[in-house]
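Asker: Counted the way our numbering counts, the sequence shown spans residues -1 to 260. Have a look at the structure that comes next, please.
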Amino acid sequence: MTSPPAFAQAVAALAPRTAVVLGSGLTSAAAAFVEHATLNFAAVAGLASPTVAGHRGRIAVGEWAGIPVLLFHGRLHYYEGHSWTVVTSPIRLAHKWGITRIVLTNAAGGIHPALTPGELMALRGHIQWLSPTAWRELATGQGLSCPYSPRLVQLLQSHERTQGRELFCGIYAAVTGPSYETPAEIQALAVCGADAVGMSTAREAEEAARCGLEVVALSCITNRAAGLGETTLAHAEVLANAHRVSTRVGELLRRLIHEPHR
Ligand code: HPA
C-alpha cells in the first residue's frame, strides 16, 4: 500500500485513461489486472472505508493486458451513511488523474423476465429513485439526460454477438437501500420501465458525464428482484452470483479497455 503522494506519482507515470469501478462480488473480474500501486480509500481525504461485504475499498493503478488502467475495488454507498459528495468523490478523483472513460459495474436484481441470475445488462438509461425529485428524473436514454455512451454499448453488443451471445441493454432503477425492495415496489418499478434495480451507479454515472468522461455501466444480475423469484433475497446470494458472471464481465472489461479513446 502506498501513500497518497506516491500513488499519485504512480498514476502520473502510467497515465491510465480508463477507470473501472468493481461492484459487489466482482473482484475476480479483474484477475488479468497487474497492480503497480494501491491506495486504501481510507487514506484519501474525503473518502472512507466501505462497510459492506464484497467491497474492498482500494484504488489500484496497473496494467490490464498491457493497457494502463485505474481500478476501484469497491465503492461507497449512500446507505452506508455517506453524503452524495462522498459517494461520487472517486469519480472526481479519477477525472483529476486524467481518466477520460469510466466503466461502472454493479450487482442488481432482475425485473425484466429475461434478467435471471447470472445475466448481464448494459445500461442505456436509469431511473433515479435516490432523491425527493426522483419521480421526475426519468432518463430514458435520449439526449443529454443520459450519461451512458451509446457507442460503447453497441461495442459491447457487437462483441457479445461474436461470442454467440446477446447482451441485454436496459434501464436501471437506482434506489437508496439499504434494505431490498418490497414486492409492491418492484411492481411499481416494472410499470415505470425499469429492467433491473440496484443501489448505486446512477449518481456516479451522472457525475462522470458532468466531468466530461465517456461512461459505460454493466449490471450483473445476481437475483430476481423482490417477489419475482423463489428465494428470499440475501447479500450472500448476491456475492455468489456476481462471482459466477465475473469471467464474462472480465472479457467485456478487456474489450472496453482496448477500445481507442474518443
Ligand atoms: N435490489 C437492490 N439492489 C440489489 C439487488 C436487488 O434486488 N440485488 C443486488 N443489488
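For each residue, glycine too, the CB sits at the ideal point set by N, CA and C.
Please tell me whether residue 164 has its Cβ less than 9 angstroms away from any Cβ of chain C.
Answerer: Chain labels in this structure do not include chain C; a single protein chain is all it has.
Asker: Taking 8 angstroms as the limit between beta carbons, can you name the residues of its chain near residue 15, skipping five residues before and five after?
Answerer: The count along the sequence shown starts at 1 and reaches residue 15 at position 17. Only 66, 96, 97, 98, 99, 259 meet the Cβ criterion.
Asker: Taking 8 angstroms as the cut-off, does the CB of residue -1 come closer than this to any heavy atom belonging to the ligand HPA?
Answerer: As a first step, residue -1 must be located in the sequence shown, where it is residue number 1. No, since every heavy atom of the ligand HPA falls outside the 8 angstroms radius drawn around the Cβ of residue -1.
Asker: May I ask whether a heavy atom of the ligand HPA can be found less than 8 angstroms away from the beta carbon of residue 103?
Answerer: Residue mapping note: residue 103 aligns to position 105 of the sequence shown, counting from 1. Checking every heavy atom of the ligand HPA against the Cβ of residue 103, none is found closer than 8 angstroms.
Asker: What's the C-alpha gap between residue 107 and residue 147?
Answerer: Here the question's residue 107 lines up with position 109 in the sequence shown. Here the question's residue 147 lines up with position 149 in the sequence shown. Between residue 107 and residue 147, the C-alpha separation is close to 22 angstroms.
Asker: Out of curiosity, what's the CA-to-CA distance linking residue 72 and residue 37?
Answerer: The sequence position of residue 72 within the sequence shown is 74, counting from 1. The sequence position of residue 37 within the sequence shown is 39, counting from 1. One C-alpha to the other measures close to 12 angstroms.
Asker: Mark residue 111 as exposed unless 16 or more other C-beta atoms lie within 10 angstroms of its C-beta, in which case mark it buried.
Answerer: Position 113 of the sequence shown holds residue 111. Counting the other CB atoms within 10 Å of its CB gives residue 111 a total below 16, which places it among the exposed residues.
Asker: Output needed for residue 44: all residues of its chain with C-beta closer than 7 angstroms, excluding positions within five of it in sequence on either side, in chain order.
Answerer: Working through the sequence shown from its first residue, we reach residue 44 at position 46. 84, 87, listed in sequence order.
Asker: Compare the C-alpha of residue 145 against each of 161, 157, 160, 126 and name the closest.
Answerer: Position 147 of the sequence shown, counting from 1, holds the residue named residue 145. Closest option to residue 145, Cα to Cα, is 126.
Asker: I'd like to know whether the C-beta atoms of residue 80 and residue 46 end up nearer to each other than 9 angstroms.
Answerer: Taking the first residue of the sequence shown as position 1, residue 80 is located at position 82. Taking the first residue of the sequence shown as position 1, residue 46 is located at position 48. Yes.
Asker: Please state whether DSSP places residue 80 in a helix, a strand or coil.
Answerer: Mapped onto the sequence shown, residue 80 falls at position 82. Coil.
Asker: Comparing the CB of residue 179 with every heavy atom of the ligand HPA, is any distance shorter than 8 angstroms?
Answerer: Numbered from its first residue, the sequence shown carries residue 179 at position 181. Answer for residue 179: yes, Cβ within range of the ligand HPA.
Asker: Using DSSP bridges, identify the partner residues of residue 209.
Answerer: As a first step, residue 209 must be located in the sequence shown, where it is residue number 211. Answer is none; residue 209 lacks a bridge partner.
Asker: Below 8 angstroms on the Cβ atoms is my guess for residue 103 versus residue 231; work out the distance and round it to an integer in Å.
Answerer: In the sequence shown, counting from the first residue as 1, residue 103 sits at position 105. In the sequence shown, counting from the first residue as 1, residue 231 sits at position 233. That pair is no contact at about 20 angstroms.
Asker: From the DSSP output, which residues share a beta bridge with residue 66?
Answerer: Taking the sequence shown and counting its residues from 1, the one referred to as residue 66 is at position 68. Answer is 61.
Asker: Does the distance from the C-beta atom of residue 177 to that of residue 27 stay below 9 angstroms?
Answerer: Translated into positions along the sequence shown, residue 177 becomes position 179. Translated into positions along the sequence shown, residue 27 becomes position 29. For residue 177 and residue 27, no; Cβs fall outside 9 angstroms.
Asker: Any idea what DSSP makes of residue 126, helix, strand or coil?
Answerer: Walking along the sequence shown from the start, residue 126 turns up at place 128. If DSSP states are grouped into helix, strand and coil, residue 126 belongs with the strands.
Asker: What number of angstroms, rounded off, separates the C-alpha of residue 119 from the C-alpha of residue 48?
Answerer: Numbered from its first residue, the sequence shown carries residue 119 at position 121. Numbered from its first residue, the sequence shown carries residue 48 at position 50. Those two C-alpha atoms are separated by around 25 angstroms.
Asker: State the DSSP-derived secondary structure class of residue 18, mapped to helix, strand or coil.
Answerer: Residue mapping note: residue 18 aligns to position 20 of the sequence shown, counting from 1. If DSSP states are grouped into helix, strand and coil, residue 18 belongs with the strands.
Asker: Here's the rule: buried if 16 or more other CB atoms are within 10 angstroms of the residue's CB, otherwise exposed. What is residue -1?
Answerer: As a working note, residue -1 is residue 1 in the sequence shown. Exposed, because fewer than 16 other Cβ atoms sit within 10 Å of the Cβ of residue -1.
Asker: What would DSSP say about residue 217, mapped onto helix, strand or coil?
Answerer: Here residue 217 is taken as the residue at index 219 of the sequence shown, counted from 1. Reduced to three states, the DSSP call for residue 217 is strand.
Asker: Let's test the definition: count the other Cβ atoms within 10 Å of the Cβ of residue 124 and tell me whether it reaches 16, buried, or not, exposed.
Answerer: The residue given as residue 124 occupies position 126 in the sequence shown. Per the 10 Å Cβ criterion, buried.
Asker: What is the DSSP secondary structure of residue 248, counted as helix, strand or coil?
Answerer: Stepping through the sequence shown from its first residue, residue 248 is reached at position 250. DSSP, reduced to helix, strand and coil, places residue 248 within a helical segment of the structure shown.
Asker: What span of residues does the alpha helix (DSSP H) with residue 10 cover, start to end?
Answerer: Here residue 10 corresponds to residue number 12 of the sequence shown, with the count starting at 1. Start and end: 2 to 12.
Asker: At a cut of 8 angstroms, does the stretch 233 to 241 reach the stretch 201 to 208 through at least three beta carbon pairs?
Answerer: no
Asker: Near residue 24, which residues of its chain fall below 7 angstroms by C-beta distance, leaving aside the five closest residues on each side in sequence?
Answerer: Taking the first residue of the sequence shown as 1, we reach residue 24 at position 26. The answer, listed in chain order, is 103, 218, 240, 244, 247.
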